[in-house]
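To start, the structure itself, in structure tokens.
Residue numbers (my numbering): 3 to 311.
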């Protein structure tokens with residue numbers, strides 16, 4: 003059975019190099035659909051009033067898609083059509099997640115907290131336009147993780163669940179903070195867990211992370227609603243072009259998790275894939291990395307449990 007999820011953070015997806023991308027945009031969509039199950043649009047920033055920006059460009063405002071509609075913003079005007087083609091391509095991609103935050107952008111979450119209804123309306127526009135299935139929380143504090151931070155993340159996670167979406171968390175540190183969020187979400191949501199999995203950063207600041215240690219921490223936390231702590235942890239590694247490594251080493255890395263109960267992984271990030279593919283004679287592709295994860299995990303992959311949001 004193939005691994006799930008096999009996710010990729012879409013940094014600069016359908017935008018890098020516009021109007022002359024390193025790999026043609028339609029080819030990018032086709033390649034993602036040849037092995038990737040989950041595309042995570044990175045990064046959504048939330049401004050005062052609840053407007054959503056994709057990186058530095060206005061994306062959604064007032065419940066309306068604004069990205070690339072005026073012809074003057076310097077972004078790819080075909081972006082919306084390409085995302086729709088990605089989701090309707092009949093290939094492997096089944097999940098489209100939007101990731102909020104990044105290193106040093108905790109203001110995205112405080113702005114969200116101050117404009118919750120507006121953000122809900124804007125997220126609903128993304129669901130309607132593109133079929134977004136979930137929201138990723140890339141909350142990376144630079145001054146510690148407080149009880150107020152935890153209450154904020156829990157409240158916003160519950161907002162996501164109230165829309166019929168699921169959440170994923172993308173931690174690189176502060177294990178007890180994130181397991182505490184899980185327990186609080188479960189307690190405040192009628193003993194139903196909104197968070198579908200954790201995208202555990204095992205690169206850059208999270209380079210020393212052990213997925214099995216994080217699984218043990220989830221397992222040791224009472225009343226989270228997580229029935230399979232090992233499958234709940236989805237470790238991620240950087241690719242060539244993003245200060246990481248190629249498919250061969252990726253397979254060796256995931257082979258180290260075979261038999262642990264871990265069922266999937268994620269790639270950081272698409273920009274790195276396209277840049278090295280363009281300079282490497284068309285290799286390695288997203289499918290090469292996806293196959294490496296599946297091969298490494300071998301027969302340990304299994305269907306992921308459903309989440310009752």
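For every residue, glycine included, the Cβ atom is placed at its ideal position computed from N, Cα and C.
What number of angstroms, rounded off, separates the C-alpha of residue i from the C-alpha of residue j?
{"i": "residue 120", "j": "residue 144", "result": "27 Å"}
{"i": "residue 14", "j": "residue 44", "result": "8 Å"}
{"i": "residue 161", "j": "residue 193", "result": "15 Å"}
{"i": "residue 92", "j": "residue 149", "result": "44 Å"}
{"i": "residue 225", "j": "residue 8", "result": "27 Å"}
{"i": "residue 295", "j": "residue 228", "result": "23 Å"}
{"i": "residue 268", "j": "residue 48", "result": "24 Å"}
{"i": "residue 306", "j": "residue 157", "result": "Low confidence applies to residue 306: its pLDDT is 49, below 50, so where it sits in the model is not reliable, and the reading given next is rough at best. Near 25 Å, if we compare the C-alpha coordinates of residue 157 and residue 306."}
{"i": "residue 256", "j": "residue 250", "result": "10 Å"}
{"i": "residue 303", "j": "residue 297", "result": "Note that residue 303 has pLDDT 49, beneath the 50 cutoff, so the model's placement of it is unreliable and no number is given."}
{"i": "residue 301", "j": "residue 89", "result": "In this prediction, residue 301 scores a pLDDT of 45, lower than 50, which makes its location untrustworthy; the coordinate-derived value is nonetheless stated afterwards. Going by the C-alpha atoms only, they are around 27 Å apart."}
{"i": "residue 259", "j": "residue 203", "result": "15 Å"}
{"i": "residue 35", "j": "residue 129", "result": "20 Å"}
{"i": "residue 195", "j": "residue 280", "result": "41 Å"}
{"i": "residue 142", "j": "residue 28", "result": "33 Å"}
{"i": "residue 19", "j": "residue 58", "result": "15 Å"}
{"i": "residue 42", "j": "residue 199", "result": "13 Å"}
{"i": "residue 242", "j": "residue 282", "result": "11 Å"}
{"i": "residue 284", "j": "residue 253", "result": "19 Å"}
{"i": "residue 163", "j": "residue 244", "result": "32 Å"}
{"i": "residue 246", "j": "residue 240", "result": "4 Å"}
{"i": "residue 191", "j": "residue 109", "result": "25 Å"}
{"i": "residue 55", "j": "residue 209", "result": "29 Å"}
Going by the beta-carbon positions, is the gap between residue i and residue j smaller than 7 Å?
{"i": "residue 133", "j": "residue 99", "result": "no"}
{"i": "residue 174", "j": "residue 197", "result": "no"}
{"i": "residue 65", "j": "residue 127", "result": "yes"}
{"i": "residue 238", "j": "residue 201", "result": "yes"}
{"i": "residue 70", "j": "residue 62", "result": "no"}
{"i": "residue 67", "j": "residue 131", "result": "yes"}
{"i": "residue 205", "j": "residue 105", "result": "no"}
{"i": "residue 330", "j": "residue 248", "result": "Residue 330 is absent from the model: the chain starts at 3 and stops at 311."}
{"i": "residue 181", "j": "residue 223", "result": "yes"}
{"i": "residue 165", "j": "residue 115", "result": "no"}
{"i": "residue 31", "j": "residue 83", "result": "no"}
If I'm right that residue i touches residue j with Cβ under 8 Å, what's the distance once you round it to whole angstroms?
{"i": "residue 52", "j": "residue 117", "result": "3 Å"}
{"i": "residue 37", "j": "residue 292", "result": "3 Å"}
{"i": "residue 85", "j": "residue 39", "result": "Rounded, the Cβ-Cβ distance is 16 Å, inconsistent with contact."}
{"i": "residue 102", "j": "residue 138", "result": "7 Å"}
{"i": "residue 81", "j": "residue 17", "result": "7 Å"}
{"i": "residue 184", "j": "residue 220", "result": "7 Å"}
{"i": "residue 10", "j": "residue 272", "result": "6 Å"}
{"i": "residue 176", "j": "residue 147", "result": "5 Å"}
{"i": "residue 5", "j": "residue 299", "result": "5 Å"}
{"i": "residue 179", "j": "residue 152", "result": "6 Å"}
Does the distance between the C-beta of residue i and the nearest non-hydrogen atom of the ligand ATP fall short of 6 Å?
{"i": "residue 223", "result": "Ligands displayed in this structure: none; no statement on the ligand ATP is therefore possible."}
Margin query: Does the stretch 10 to 24 come into contact with the stretch 268 to 287, if we say contact requires no fewer than three beta-carbon pairs (one atom in each stretch) closer than 8 Å?
Written below: yes
Margin query: Any contact between the stretch 231 to 240 and the stretch 263 to 270? By contact I mean 3 or more CB pairs, one from each, below 8 Å.
Written below: yes
Checklist line | Runs of beta strand (DSSP E) wholly within the stretch 112 to 184 (minimum 3 residues, chain order) | finding: 136 to 142 and 168 to 171
Next item on the list: Would you list, in sequence order, the uninterrupted beta strand (DSSP E) runs of no fewer than 3 residues that lie entirely inside the stretch 214 to 260?
Entry: 235 to 240
Note to self: My parser needs the alpha helix (DSSP H) runs of 4 or more residues fully inside the stretch 81 to 109; what are they?
What the structure shows: 81 to 89
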